[in-house]
Amino acid sequence: MFAGIDVGSRTTKVVLMGDQQIIASGVIQTGTSPAGAAETVLHRACEQAGCPRKDIRRMVGTGYGRVSLAFVDKTITELTCHAKGCHFINSAVRTVLDIGGQDSKVIRVDDDGNMTDFIMNDKCAAGTGRFLEVVAQALEIDLDALGKLSLEADRPCKINSTCSVFAESEVVSLLAKGEDCANIVAGINRSFATRIGNMVKRLGVSGEMVFVGGVAKNHGLVSALSDYMQTHFLGLDVDPQIMGALGAAVMAQQLA
Amino acid sequence: MTFKVNQTIQDVHTNLALSLEMAKDEGTKVVGCLCSYSPTELILAAGAVPVGLCGSTQDPIAKAEEILSPDQCPKVKATFGRAISGTCPLFPLADCIIAETTCDGRKKMYELLARHVPLQVMDLPQKPDRTAALAHWIAEVRDAKAFLEAQLGVTITDDDLRRGIEMGNRQRQLITELYYLRQHDPSPIMGLDFINIMTQLRYYVDFERYIRTLAEFRDELAQRVQDRQFAYPDPRPRILWTGLGNSLGCSKLLELIEDSGGVVVCQEGCGGVTRTEDQITLADDEDPIVAIARRYLRVTCACMTPNGQRFEDLERLIDEFRIDGVVDLAWQFCQPFEIESYRVRELVKGKLGLPFLHVVTDYSQSDTEQLRVRVEGFMEQIAVRN
Chain A
1 MFAGIDVGSR TTKVVLMGDQ QIIASGVIQT GTSPAGAAET VLHRACEQAG
51 CPRKDIRRMV GTGYGRVSLA FVDKTITELT CHAKGCHFIN SAVRTVLDIG
101 GQDSKVIRVD DDGNMTDFIM NDKCAAGTGR FLEVVAQALE IDLDALGKLS
151 LEADRPCKIN STCSVFAESE VVSLLAKGED CANIVAGINR SFATRIGNMV
201 KRLGVSGEMV FVGGVAKNHG LVSALSDYMQ THFLGLDVDP QIMGALGAAV
251 MAQQLA
Chain Z
1001 MTFKVNQTIQ DVHTNLALSL EMAKDEGTKV VGCLCSYSPT ELILAAGAVP
1051 VGLCGSTQDP IAKAEEILSP DQCPKVKATF GRAISGTCPL FPLADCIIAE
1101 TTCDGRKKMY ELLARHVPLQ VMDLPQKPDR TAALAHWIAE VRDAKAFLEA
1151 QLGVTITDDD LRRGIEMGNR QRQLITELYY LRQHDPSPIM GLDFINIMTQ
1201 LRYYVDFERY IRTLAEFRDE LAQRVQDRQF AYPDPRPRIL WTGLGNSLGC
1251 SKLLELIEDS GGVVVCQEGC GGVTRTEDQI TLADDEDPIV AIARRYLRVT
1301 CACMTPNGQR FEDLERLIDE FRIDGVVDLA WQFCQPFEIE SYRVRELVKG
1351 KLGLPFLHVV TDYSQSDTEQ LRVRVEGFME QIAVRN
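Protein chains in written order, with the working numbering: chain A, 1 to 256; chain Z, 1001 to 1386.
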C-alpha cells in the first residue's frame, strides 16, 4: 500500500493506493496544524481501508504544507503530483487546470504523465477558492451551495472585479440594488471564468483538459468556464479535490 | 579569497560611505547612477566616482509609499525611499545624479527625486535602430557631459573621454571574463556567491584598486577551474537567469533556485553578461562622445522596441553555457519585462524546448513559499528531461 498526502492551504487530502487502484481517501480542513491535519486524515483513511498504518510502504507529501510532513519518504510539488494523478485517471489528459484554496495552476502534461510546463497566479488570490469563500460569506450561503445556486440565474449580473478583498463590497452593493442572489453568483462565476480562462489560454490548451481541485466541485463555475473557453472538461470518476494526493500516491509507488 | 559574502548590502553601503567621505574630504566628486544606460565613461572622464544608487531592499519602500502609490515597481519605490528617508548613507554623498527615461515609473519618480539632488535625466530614445535615435542620444550624452562639467566644476576634454573609455573597457573586459569562467561545467562558483561578490565589488572608491580586485577574483576562479575545484560535488542543472537582476539584498529567488538543486551559471538582462561584453570601439579620429552614445544605445533593456538583439543574445548564451532551463524575473508592475516575457517564453519553450519559469515578485519575503512551489516544479521538469 502507498500513500499520498496533499497538505493544501485550506484542506488536507490523503489517498491510499494498492497496486493499481485507490483503496481509501479523505479530505479535512488544514486548520492551524498542517502536520496534525495530515496525521488525522491519514489515520481515518487507514481505518476506512481497514489496514494498519505500518502496511504503507512509501509515502509522498505535496502541497504548501509538505515541508511540515516529517514522516514522508519524499516531497514533490503539487504541480508534478496533479500531472501524475490526472494521467493515472485518464492518460489522454494533456492540460490540467487546478484551482485550490489560494492558487490556480495550469499544467501541461506529456504522454507519460510528466509535467512539461505550468503557469500559476502571482501574488494575488483572484481566481482562487478563497475568492469564492468570500463571496459565499457575503451572501450568507454555504460554499457548496454556490454552484447550484448560479444555475438558477435568469439574468447574470455584470461583475468585472476579481479581487477577493473587494468582492465582498461589490456583492454587498449589488444586494443593496436588489439583485437576486442567483444572478450575483452567476455574474461572479463569469468574471472568475474570464480570468482563469485567459490564464489557460496564455499557456495554450492542447489535447484533453481536466479541471481539478476543490473549486472544480462548483458546477456553476465549471459550466461558466466551459462556456467562456468553448471547450469541455473530461469527466472524472473520482473526487477532483484529491487529484494531488492521488498523484503523490502514484509517485510513492514509482519511487525506487 | 573567500567566496562567501557575510555582509549585508547595508554593511556594504556603510563601508563605502566611510571611504567615500574620506575621499570627498580630499576633493573627490561622487556621481550617482541608476541604470545600465548610465554612460559611466563620462563620470570616469570627469575624475569622479560613479556610485550605483538603485534600491534593492524592502525597508525603504514604506517611506516611499508616503508619496508614491503602492502600485509601482519595487525598484522605483526602494530607490526613492532610500533617497528621501535619510537611511541611505550613500545618497547624501552624491554631488549629482545621472538618470535616464528608461520607463515611465522611473521617469516620473525622477521629477520628485530631483527636488533632493541635482539630477540630469537623459532622454533615452526607445527605437534605437533608427538613425534619428542615435543623433538624439548623442545630443543627450553631450548634455550629460555639460551637466557634469557644471556640477563638478571641471572640464572634460576628449583625452579625458578617451581615458574614461579605456577604463570602462578594462572593467567590462574583466567582468565579462568573470562571467565566462562560469561557462565551465561544473561551475567554480555558485550563482548566489558570484552575485554577492560582484555586488560588493562594484561599490568602489579607487578605480585602479577595483580593477585589481576584479583581476584577482578572475585569477582565483580560473585557478579553481584549473585545479578542478568546483562549487558542488554532484552535477546540477545549469540555469540561465534573464529579465531583471538580483543583487545582494534581493536574491530570494536565486537562493530558492540553488536551494532546490540548480546552479545559476549565466545572467542575461539587467546586470547580466550582455551589459558588459559589448565594448566601446573608438577609431583614432572619432568623436569619443559618439562612440560612447553608440554603445549605450545598444543596451537591450525591455524598455526598447522591438529589442530583437536580446533574443539573439539569449539563444546564443543558452547554447554557449549549455543551459538546462531558463528563469525570467520581472519585478511586480514592470510592464516592459512583464510583456516581453511572452516572447522569451516563445523562444525558450517554443523554439528551444527548454523548461521555462517566469516569476513576478517584489523585494518582500511574503511569497517565498509560493515561489518555492514554482521553482521546485521547474526543477522537477528539468529532472525528468535529464
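C-beta atoms are modelled at their ideal positions from N, C-alpha and C, and glycine is treated no differently.
Legend entry - Rounded separation between Q1279/Z and R10/A - CA only: On the second sequence, residue 1279/Z is found 279 positions in, with the first residue counted as 1. On the first sequence, residue 10/A is found 10 positions in, with the first residue counted as 1. About 54 Å.
Legend entry - Backbone secondary structure at K22/A - three-state DSSP: The residue given as residue 22/A occupies position 22 in the first sequence. Residue identity check: residue 22/A is Ile in the sequence provided, not Lys. Strand.
Inset, instruction - Report, in whole angstroms, the separation of the C-beta atoms of W1331/Z and D1367/Z, which I expect to be a contact under 8 Å. - result: Working through the second sequence from its first residue, we reach residue 1331/Z at position 331. Working through the second sequence from its first residue, we reach residue 1367/Z at position 367. Contact between W1331/Z and D1367/Z fails: their C-beta atoms lie close to 13 Å from each other, not under 8 Å.
Legend entry - Enclosing alpha helix (DSSP H) for D1319/Z [first to last residue]: Along the second sequence, one-based indexing puts residue 1319/Z at 319. DSSP places D1319/Z in the uninterrupted alpha helix (DSSP H) bounded by 1308-1320.
Inset, instruction - Check whether the Cβ atoms of L1148/Z and A1291/Z lie closer than 9 Å to each other. - result: Taking the second sequence and counting its residues from 1, one reaches residue 1148/Z at position 148. Taking the second sequence and counting its residues from 1, one reaches residue 1291/Z at position 291. No, the Cβ-Cβ distance between L1148/Z and A1291/Z is not below 9 Å.
Legend entry - Chain-ordered neighbours of T80/A on chain Z, where CB pairs are closer than 7 Å: Here the question's residue 80/A lines up with position 80 in the first sequence. Result: G1377, E1380.
Inset, instruction - With DSSP collapsed to three states, give me the class of E1100/Z. - result: Along the second sequence, one-based indexing puts residue 1100/Z at 100. Reduced to three states, the DSSP call for E1100/Z is strand.
Inset, instruction - Kindly say whether F118/A, judged by its beta-carbon, lies nearer than 9 Å to any beta-carbon of chain Z. - result: The count along the first sequence starts at 1 and reaches residue 118/A at position 118. So yes, F118/A belongs to the interface.
Legend entry - Where the beta strand (DSSP E) containing G1052/Z begins and where it ends: Taking the first residue of the second sequence as 1, we reach residue 1052/Z at position 52. Start and end: 1049-1052.
Inset, instruction - May I ask you to report which of helix, strand or coil DSSP gives F1230/Z? - result: Taking the first residue of the second sequence as 1, we reach residue 1230/Z at position 230. Reduced to three states, the DSSP call for F1230/Z is coil.
Inset, instruction - Count the other C-beta atoms from every protein chain shown that fall within 10 angstroms of the C-beta of M229/A, then say buried if there are 16 or more, exposed otherwise. - result: Counted from its first residue, the first sequence places residue 229/A at position 229. So M229/A ends up on the buried side.
Legend entry - Other residues of its chain near I1097/Z: CB distance less than 6 Å, five sequence neighbours each side excluded: Locating residue 1097/Z in the second sequence gives position 97, counting from the first residue. Correct list, in chain order: G1032, V1117, L1119.
Legend entry - Range of the contiguous beta strand (DSSP E) that encloses A3/A: Along the first sequence, read from residue 1 onward, the residue named residue 3/A stands at position 3. Annotation: the continuous beta strand (DSSP E) that includes A3/A extends over 2-7.
Inset, instruction - Output the distance between the C-alpha atoms of L203/A and L1240/Z, rounded to the nearest integer angstrom. - result: On the first sequence, residue 203/A is found 203 positions in, with the first residue counted as 1. On the second sequence, residue 1240/Z is found 240 positions in, with the first residue counted as 1. Taking the Cα positions, L203/A is about 21 Å away from L1240/Z.
Inset, instruction - From the DSSP output, in three-state form, read off H1358/Z for me. - result: Indexing the second sequence from 1 puts residue 1358/Z at position 358. Three-state DSSP puts H1358/Z in a strand.
Legend entry - Nearest-angstrom Cα separation, counted from V1344/Z out to S104/A: Within the first sequence, residue 104/A is the residue found at index 104, counting from 1. Within the second sequence, residue 1344/Z is the residue found at index 344, counting from 1. Going by the C-alpha atoms only, they are around 22 Å apart.
Inset, instruction - Check whether the Cβ atoms of S1187/Z and E1376/Z lie closer than 9 Å to each other. - result: Here residue 1187/Z refers to the residue found at position 187 when the second sequence is read from its first residue. Here residue 1376/Z refers to the residue found at position 376 when the second sequence is read from its first residue. Going by C-beta atoms, S1187/Z is not nearer than 9 Å to E1376/Z.
Inset, instruction - Examine chain Z for any beta-carbon lying closer than 9 Å to the beta-carbon of T77/A, and answer yes or no. - result: As a working note, residue 77/A is residue 77 in the first sequence. Yes, T77/A counts as interfacial toward chain Z.
Legend entry - Whole-number beta carbon distance between E1065/Z and K1077/Z, since they are thought to touch under 8 Å: Locating residue 1077/Z in the second sequence gives position 77, where the first residue counts as 1. Locating residue 1065/Z in the second sequence gives position 65, where the first residue counts as 1. K1077/Z to E1065/Z, Cβ: 7 Å. Contact.
Inset, instruction - Kindly indicate the opening and closing residues of the alpha helix (DSSP H) around I1339/Z. - result: Position 339 of the second sequence, counted from the start, is the residue given in the question as residue 1339/Z. Counting along the chain, the alpha helix (DSSP H) containing I1339/Z begins and ends at 1335-1345.
Inset, instruction - Spell out whether any CB of chain Z is found under 9 Å from the CB atom of M115/A. - result: Translated into the one-based positions of the first sequence, residue 115/A becomes position 115. Residue contact with chain Z for M115/A: present (Cβ-Cβ distance below 9 Å to some residue of chain Z).
Inset, instruction - Evaluate the contact criterion for the region 1303-1321 of chain Z versus the region 1211-1224 of chain Z: three or more CB pairs, one atom per stretch, below 8 Å. - result: Contact between the region 1303-1321 of chain Z and the region 1211-1224 of chain Z is not established, with fewer than three Cβ pairs separated by less than 8 Å.
Legend entry - CB contact check: R1374/Z to chain A, cutoff 9 Å: Position 374 of the second sequence, counting from 1, holds the residue named residue 1374/Z. At least one chain A Cβ lies under 9 Å of R1374/Z.
Inset, instruction - Using 10 angstroms around the beta-carbon of M59/A, count the other beta-carbons present and answer buried if the total reaches 16, otherwise exposed. - result: Translated into the one-based positions of the first sequence, residue 59/A becomes position 59. Label assigned to M59/A: buried.
Legend entry - Nearest candidate by alpha-carbon position, reference D1159/Z, set D1287/Z, E1315/Z, K1349/Z: On the second sequence, residue 1159/Z is found 159 positions in, with the first residue counted as 1. Comparing Cα positions, the closest option is D1287/Z.
Inset, instruction - Would you please verify whether the beta carbon of Q1370/Z is less than 9 Å from any beta carbon of chain A? - result: If you number the second sequence from 1, residue 1370/Z lands on position 370. So, interface residue.
Inset, instruction - State the DSSP-derived secondary structure class of F131/A, mapped to helix, strand or coil. - result: Residue mapping note: residue 131/A aligns to position 131 of the first sequence, counting from 1. Here F131/A sits in helix by DSSP.
Inset, instruction - Can you tell me which of the three DSSP states C1266/Z falls into? - result: As a position in the second sequence, residue 1266/Z is number 266, starting the count at 1. Correct three-state label for C1266/Z: strand.
Legend entry - CA-to-CA distance, M1122/Z to H990/Z, given in whole angstroms: Any property of residue 990/Z remains undetermined from this structure, which presents chain Z solely from 1001 to 1386.
Legend entry - Residue environment, L1042/Z, which counts as buried when at least 16 other CB atoms sit within 10 Å: Numbered from 1 along the second sequence, position 42 holds the residue referred to as residue 1042/Z. The residue is buried, with at least 16 neighbouring Cβ atoms inside 10 Å.
Inset, instruction - Since I believe V1012/Z is in contact with L1192/Z (beta carbons under 8 Å), could you give me their beta-carbon distance rounded to a whole number of angstroms? - result: Translated into the one-based positions of the second sequence, residue 1192/Z becomes position 192. Translated into the one-based positions of the second sequence, residue 1012/Z becomes position 12. That pair is no contact at about 15 Å.
Legend entry - Limits of the beta strand (DSSP E) - the one that M59/A falls within: Numbered from 1 along the first sequence, position 59 holds the residue referred to as residue 59/A. According to the DSSP assignment, M59/A belongs to the beta strand (DSSP E) that extends over 58-62.
Inset, instruction - Return the bridge partner residues of Q1120/Z from the DSSP annotation. - result: Here residue 1120/Z corresponds to residue number 120 of the second sequence, with the count starting at 1. Its beta-bridge partners are I1098/Z.
Inset, instruction - Using the DSSP secondary-structure output, state which residues sit across from K13/A in a beta bridge. - result: Within the first sequence, the letter at position 13 stands for residue 13/A. In the DSSP output, where bridge partners are listed per residue, K13/A has D6/A, V27/A.
Legend entry - beta strand (DSSP E) segments (min. 3 residues) lying fully within the region 71-117 of chain A: Every beta strand (DSSP E) stretch that sits fully inside the region 71-117 of chain A and reaches 3 residues is listed by chain position as 93-99, 104-109.
Inset, instruction - Indicate whether at least one CB of chain Z lies closer than 9 Å to the CB of D111/A. - result: For the purposes of this step, residue 111/A is identified with residue 111 of the first sequence, where counting begins at 1. Between D111/A and chain Z, the shortest Cβ-Cβ separation is not below 9 Å.
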